[in-house]
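Colleague:
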Amino acid sequence: MAIDYLPLLIMIVLGAGFGALVLILPAILGPKETNSQKLEPYESGIIPFSDARRRFPVKYYLVAMLFLIFDIEVIFLYPWAAVLRDLRVFALVAMAPFLLVLLVGFIYEWKKGALKWGE
Amino acid sequence: MDWLNLVVFPVIRIVVLFVVLLTGFAYLTLLERKLLGRFQVRYGPNRAGKFGLMQPLADAVKALFKEEIIPNHVDKPIYVIAPALALVPALLIWAVIPIASGMPAVADVSIGFLWILAIAGVEGYGIILAGWSSNNNYSLLGALRSSAQMVSYELPMGMFLVSILILAGDFSLVNLVDNARPWWEWIWLWLAFPFFFICILAETNRSPFDLPETENELVAGFQTEYGGMKFALFMMAEYTNMITTSAIMATLFFGGWRGPFAEEIVWLGPIYLLAKIFILLCLFIWVRASVSRPRYDQLMTFCWQFLLPLSIGYMVISALLAVFLK
Amino acid sequence: MPELPPLPTISQLVFTGFALFTCASALGVVLARNLFHGALALVATLFGVAGLYVMLEAEFLAVSQVLVYVGAIATLITFAIMLTRSMMYGKTSPLNRQWGKTGLFAVMIFLALYGFVGSIPWADSAPAVLADESMIAALGVEFVTNYVVAFEVMGLLLLVALVGAVMLARDNN
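As you go down the protein sequences, you meet chains L, P and W in turn. Each residue of the first sequence is one higher than the one before, starting from 961 at the first, in the working numbering. Each residue of the second sequence is one higher than the one before, starting from 42 at the first, in the working numbering. Each residue of the third sequence is one higher than the one before, starting from 997 at the first, in the working numbering.
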C-alpha cells in the first residue's frame, strides 16, 4: 500500500528540516567579520587568474554514459531475480541471451580500451 | 484516518533514530582519532574530559560558533544546500534496516533493497554540487573524480545486491534477516564480502579511495571552499555514511540483529546489530591506517576491468546456485 | 449550522504536496536563467514524479525513475553542461525567437490532453491491486514469458547504445 511509504516521506521531510536547521543556526550564532581577502577563492596563496569552471576530459562523460547503460541492465535484473526461484531453469534460459549481449558489449568496450583510464 | 499511528509514532521513531545516529557520528570521530593514534603509537585526543570523551562536544560547539563565510565567487544557493544534500541520504537509508526480530528502524516497506539502491544513486549529488558551485579548481577536480568514482563502483555494488537478492528471493530486508539460510549460502556470501566492502569504501569516499579529497594534490578536494558548520556537515555525511553502510553490510552479510537469544529477548537485537556495526567501523579505520592510496587511473581500471566482471560472474553463479540447490 | 466540507485525507495532502512540488520545479526548469540551475530543477521534478509513482502503487517504476533518471541521466546532463563552455557562463535567456510558436503548441497540447482526460469515465475507486511484492514478481514473470522477445531486443538496444557511447567519446589520436 502506498500508505506504507508515508514514514519514508516523513523521514525525507524531517531530514531536510534537520539539514536546514544546521545550516541556519551558525549563521545566527557565529560572528560576522568579513573582509575581501576572506572571500577570495583558495588557490594555495596565489591570486586566481581564471574561472575554475573549465572544460574537462571527455573521459568522465564516457564513464557516465557507460554507467547509465549498465545501470539499466541492473534494473532489469531485479524483477528477474525476484521470480528466479519460482520459474527456475526457464528464467535462467530466458536471461541467458540478455546476458550474452551484455557480455559482447563488455568485450567490445574492453578491446576498444574504454575501460582503461588514461594511458 | 489514524493520525497517531501514521504520523506521530513515525516522527518519534525518526527523531530518536536521528539523535542516535548523530551521537554515533560524534563518537565515531573520536573513536577514529583514538584508534588512528594507537596505530601510530600516540595517544590521540585526551585533553577534553576523561579519555577525551568531551572532544566531540567541543568540536560541535566550535563548529556552531564559527563564522559562516560564503565566498563571493560561488554559486550561492547551490553552495549552501550542497552540504545538507550530502548528509540527508546517509540518514535516509536507515529507514529499512531491521533492528530487531520483524522490526525495521522506521518503515517495513517490501522494497528494502531498492530503497538502498535508489538512495545510493542520489548520494553523489551533494559532492558534485559542492565542487561545481565552489568555482575553485581543486573543488571541481575533486567533484569530478568523486562522481565518476561513485557511479563506477555503484555498478559492482548493484550486481552484488542482485546476487544477494537472488539467493534471498525477497525484496524486504526484514524478511532477509528473519528467514533462515542454509550453511553453504553463508559461505558463498562471505566470499563476496571483501569485494562488497571495497565497493563501499569507494562509494563513501573513504581512505584509501578518498581521491576526491586527496590533501597532497587537491588541498581538500570538493570541500576546499567550505568552512565552519558547512564543512562539519560534510564530515557528518562521511561518518554517518560509514555507520549506515556498516549497518547494511551487517544486515546483508552477518545476520543483522541475529545473535544468541535475540529471537526470545527482543531488546538484544539492536545490541547485536550495534556490536556488528562497531566491528565493521573498526575495520574501516583499520583500513585507513594501513592501506595507501592508489592512483586515480588504477582505481577506475580496477573497478571496470576487475570488480565489474567479477560481480557479474558472481551474479551468474548465484543464479545457478539458487536454481539448482534451493 | 452549515455542514463543513470533510477534512482532507493524508493521501490527498501528500498528493497535493507532490503535485505542487513537481509543477513548481518544472517551472523552474524552463524559467531558470542559469542552465545548471535548470538541470537541478529537472532533478527535483523527476523526484516529484517518482513520488507520484509511489502514490500510484508503482514502487518499482518509482525506484527505476530515481535510479536511472536522477542517478544516471541527470548526472549525464550535468556533465554535458559542464563539458560545453558557453553554456556554463552567465545567464542565458529562457526565451528564444521561437517562443511564440512554442507557446501556442504548448497550449494546444494542454487543451488536447485536458479534453482527453475529461472524456474518460474514471472509476470512483480503483480495483484492488496486487501487493507490491508480487507486483515486481509479476513484472519479472512478464519479462521472461509474454514479453521475452521485447526483453532480448532491449538488450540489443543497450548494446547499440554502448557502442555509440564508446564511439562518441573516443580519442581522435
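Built from N, CA and C at the ideal position, the CB exists for glycine as well. Bear in mind that the values here come from a model prediction, so they are computed numbers and not experimental data.
Go to Pro986 (chain L), then tell me how far its alpha helix (DSSP H) extends in each direction, as first and last residue.
Modeller: Leu966 to Leu989 is the span of the alpha helix (DSSP H), which, as asked, contains Pro986 (chain L).
Colleague: Grab the span of the beta strand (DSSP E) containing Ala141 (chain P) for me, first residue to last.
Modeller: Pro139 to Ala141
Colleague: To the nearest angstrom, how far is the alpha carbon of Gly78 (chain P) from that of Leu71 (chain P)?
Modeller: 10 Å
Colleague: Tell me the DSSP secondary structure of Asn95 (chain P) in three-state form.
Modeller: The identity of residue 95 (chain P) in the sequence shown is Met, whereas the question assumes Asn. Here Met95 (chain P) sits in coil by DSSP.
Colleague: Locate the alpha helix (DSSP H) running through Ala209 (chain P), then write down its first and last residues.
Modeller: Asn178 to Ala209
Colleague: May I have the straight-line CA-CA distance separating Leu185 (chain P) from Gly172 (chain P), to the nearest angstrom?
Modeller: 8 Å
Colleague: Please decide whether Phe106 (chain P) counts as near chain L, where near means a Cβ-Cβ distance under 7 Å.
Modeller: yes
Colleague: Can you tell me whether Cys240 (chain P) is buried or exposed? The criterion is at least 16 other CB atoms within 10 Å of its CB, across all chains shown.
Modeller: buried
Colleague: Taking all protein chains shown into account, decide if Ser331 (chain P) is buried (16 or more other Cβ within 10 angstroms of its Cβ) or exposed.
Modeller: exposed
Colleague: For Pro145 (chain P), which residues does DSSP report across the bridge?
Modeller: Beta-bridge analysis with DSSP links Pro145 (chain P) to P:Pro139.
Colleague: Just how far apart, CA to CA, sit Ile1077 (chain W) and Phe1016 (chain L)?
Modeller: 11 Å
Colleague: Can you tell me the Cα-Cα spacing of Val1064 (chain L) and Phe1030 (chain L), whole angstroms?
Modeller: 13 Å
Colleague: Go ahead and pull the three-state DSSP assignment for Tyr68 (chain P).
Modeller: helix
Colleague: Rounded to the nearest angstrom, how far is the Cβ of Leu259 (chain P) from that of Leu182 (chain P), given a contact under 8 Å?
Modeller: 6 Å
Colleague: Taking all protein chains shown into account, do 16 or more other C-beta atoms lie within 10 angstroms of the C-beta of Pro1039 (chain L), making it buried, or fewer, making it exposed?
Modeller: buried
Colleague: Would you mind working out which of P:Leu126, P:Leu242, P:Phe92 and P:Ser175 sits nearest Leu324 (chain P), comparing C-alpha positions?
Modeller: That would be P:Leu242, whose Cα lies nearest to the Cα of Leu324 (chain P).
Colleague: Three Cβ pairs or more, each shorter than 8 Å: is that satisfied between the stretch 215–228 of chain P and the stretch 327–342 of chain P?
Modeller: no
Colleague: Does Arg79 (chain P) come out as helix, strand or coil in the three-state DSSP assignment?
Modeller: helix
Colleague: CB Glu1033 (chain L) to CB Leu1075 (chain L), shorter than 7 Å?
Modeller: No; because the gap between Cβ atoms is not below 7 Å, this pair is not in contact.
Colleague: Can you list, in chain order, the residues of its chain with a C-beta nearer than 7 Å to that of Thr281 (chain P)? Leave out the 5 residues immediately preceding and following it.
Modeller: Leu62, Phe66, Leu128, Ala131 and Leu132
Colleague: Going along chain P in order, which residues have a C-beta closer than 7 Å to the C-beta of Met971 (chain L)?
Modeller: Ile55, Leu133, Ala136 and Val147
Colleague: If you count every other CB in all the chains shown that lies within 10 Å of the CB of Leu1158 (chain W), and 16 or more means buried, which is it?
Modeller: buried
Colleague: Consult DSSP for Ala360 (chain P) and reduce its assignment to one of helix, strand or coil.
Modeller: helix
Colleague: Using a Cβ cut-off of 7 Å, pull out every chain W residue sitting near Ile169 (chain P), in sequence order please.
Modeller: Per Cβ cutoff of 7 Å: Thr1074.
Colleague: Given a threshold of 16 other Cβ atoms within 10 Å of its Cβ, counted over all protein chains shown, does Trp135 (chain P) qualify as buried or as exposed?
Modeller: buried
Colleague: Pop quiz: Ser187 (chain P) and Ile168 (chain P) are said to be a contact at Cβ under 8 Å. What is the actual Cβ separation, rounded to whole angstroms?
Modeller: 5 Å
Colleague: In the DSSP assignment, find the alpha helix (DSSP H) that holds Ser333 (chain P) and state where it starts and stops.
Modeller: Ser333 (chain P) -> no alpha helix (DSSP H), and no H or E assigned at all.
Colleague: Are the Cβ atoms of Pro197 (chain P) and Ser352 (chain P) separated by less than 7 Å?
Modeller: yes
Colleague: Using the C-alpha atoms, what's the distance from Leu105 (chain P) back to Ala376 (chain P)?
Modeller: Because chain P spans 42 through 367 in this model, residue 376 (chain P) falls outside it and cannot be assessed.
Colleague: Run through chain P and tell me which residues come within less than 8 Å of Thr1071 (chain W), C-beta to C-beta.
Modeller: Gly165, Ile169, Ser188 and Val192
Colleague: Buried or exposed for Asn246 (chain P), please, with buried defined as at least 16 other CB atoms from any protein chain shown within 10 angstroms of its CB.
Modeller: Classification for Asn246 (chain P): buried.
Colleague: Please say whether Val215 (chain P) and Asp116 (chain P) have beta carbons closer to each other than 7 Å?
Modeller: no
Colleague: Can you name, in chain order, every residue of its own chain whose Cβ lies under 6 Å from the Cβ of Glu164 (chain P), other than the five neighbours on each side?
Modeller: Pro130
Colleague: Are the beta-carbon atoms belonging to Leu1042 (chain W) and Tyr1065 (chain W) less than 7 Å from one another?
Modeller: Their beta carbons are under 7 Å apart, which means Leu1042 (chain W) touches Tyr1065 (chain W) by this criterion.
Colleague: Taking 7 Å as the CB-CB limit, is Lys992 (chain L) close to chain W?
Modeller: no
Colleague: Are Lys317 (chain P) and Gly990 (chain L) close, meaning C-beta to C-beta below 7 Å?
Modeller: no
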